[in-house]
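Here's the structure we're looking at; comments come further down.
In full-length UniProt numbering, the protein residues as written are 1 to 303.
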């Protein structure tokens, strides 16, 4: 795991926590490790964690696995007790006023979370996205006290309980999200998600964005260039997380515009240097910019 991300919101009773659910059986995928399936060069788990990287704490309920963030790992007891039991396990680590719940098999998690951020609960107990099939309770933001009461009202800590039984007593607002709320339950779903991601990349820039570089520059050559630059600038090569920088460039190119990617990388380096220059400082700056890009809206977007 990388160094801890600096929280962008206050933690504790007034902050925002997130629970990412990553422990299902994936029976319709033949028991595959679903959170580690890759869409657009990134695992589903990394996509989900990146979407809520600004939350503190960021809790992942499931078996520990590689992930590009500092997270709190926990597991429902017994394992595979269902999403309600997983939420209950995550809530044990939450003392904030609001908690976000996100299924790890949400390929468009960043966009889904960005939409959800525009719709705070107001007087409701929470807000969830919805698609043609109805409410998607595993992409939602909840008042922690209300969600905890709902869990406590169920027998056996929510083991094997349905999400419908959990939310039946909650007043929830729904936000229409269309395909943003789609999940990956089958191999066809995965292929569809990969196709949509490829199409989205093409729409961002018909000539390809900056993270398409491996088509023109082999990985070994990129590493050689990075090593040469570090030597020229007298930097410690081990402090340079190339994958994280490319993630940042992709996030900004997709969420803002291609020319904003190199500028944002420079600004991340500038901010990290002023903060102390450690890998943790660089990771925190990159995470802050990625989070901003995920929710970026221009005046034209609102027109």
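For every residue, glycine included, the Cβ atom is placed at its ideal position computed from N, Cα and C.
On a predicted model such as this, the values are computed, not experimentally measured, just so you know.
Could you tell me which of the options sits nearest to residue i, measuring between CA atoms?
i: residue 174; options: 140, 197, 168; result: 140
i: residue 18; options: 99, 232, 79, 83; result: 99
i: residue 261; options: 252, 60, 271; result: 252
i: residue 147; options: 48, 42, 84, 249; result: 84
i: residue 39; options: 59, 137, 187; result: 187
i: residue 137; options: 154, 111, 168, 153; result: 168
i: residue 63; options: 266, 49, 51, 80; result: 80
i: residue 142; options: 152, 122, 156, 154; result: 122
i: residue 72; options: 90, 256, 78; result: 90
i: residue 264; options: 196, 144, 292, 279; result: 292
i: residue 56; options: 70, 238, 43, 118; result: 70
i: residue 96; options: 15, 51, 157; result: 15
i: residue 166; options: 86, 65, 249; result: 86
i: residue 172; options: 232, 134, 247; result: 134
Spatial neighbours of residue i within its chain, please: CB distance less than 8 Å, with the 5 preceding and 5 following residues excluded, ordered by chain position.
i: residue 275; result: 281, 284, 285
i: residue 240; result: 226, 230
i: residue 115; result: 129, 175, 177, 180
i: residue 269; result: 282, 285
i: residue 192; result: 182
i: residue 154; result: 84, 161, 165, 166
What does a CB cutoff of less than 6 Å around residue i pick up in its chain, not counting 5 residues either side in sequence?
i: residue 108; result: 180
i: residue 82; result: 160
i: residue 32; result: 26
i: residue 209; result: Note that residue 209 has pLDDT 46, beneath the 50 cutoff, so the model's placement of it is unreliable and the number below is only indicative. Excluding residues within five positions, the ones whose Cβ falls inside 6 Å are 253, 258.
i: residue 35; result: 22, 44, 45, 104
i: residue 88; result: 151, 157, 158
i: residue 60; result: 20, 22, 71, 73
What are the partner residues of residue i, as DSSP defines its beta bridges?
i: residue 147; result: In the DSSP output, where bridge partners are listed per residue, residue 147 has none listed.
i: residue 55; result: Answer is none; residue 55 lacks a bridge partner.
i: residue 139; result: 102
i: residue 39; result: 42
i: residue 157; result: Paired residues: none, contrary to the question.
i: residue 304; result: Look at the range of the chain in this structure, 1 to 303, and you will see that residue 304 is not part of it.
i: residue 165; result: None, per the DSSP bridge assignment.
i: residue 49; result: In the DSSP output, where bridge partners are listed per residue, residue 49 has none listed.
Under DSSP, the beta strand (DSSP E) around residue i begins and ends at which residues?
i: residue 234; result: Counting along the chain, residue 234 falls outside any beta strand (DSSP E), and DSSP gives it neither H nor E.
i: residue 170; result: No beta strand (DSSP E) contains residue 170, which DSSP labels as neither H nor E.
i: residue 17; result: 16-21
Quick one: give me the first and last residue of the alpha helix (DSSP H) that residue i is part of.
i: residue 268; result: 260-275
i: residue 180; result: Note, residue 180: premise wrong, no alpha helix (DSSP H); not H, not E.
i: residue 129; result: From DSSP, residue 129 is part of no alpha helix (DSSP H) but of the beta strand (DSSP E) over 126-131.
i: residue 295; result: Looking at the DSSP string, residue 295 is not in any alpha helix (DSSP H), and its letter there is neither H nor E.
i: residue 253; result: 242-255
i: residue 117; result: 109-117
Residues in the same chain with beta-carbon distance under 7 Å from residue i, minus the five sequence neighbours each way, listed in chain order, please.
i: residue 46; result: 67, 68
i: residue 106; result: 48, 112, 139, 183
Starting from the N-terminal side, write out each stretch of the beta strand (DSSP E) that is 3 residues or longer and does not extend beyond the region 58-102. You should have 58-61, 72-74.
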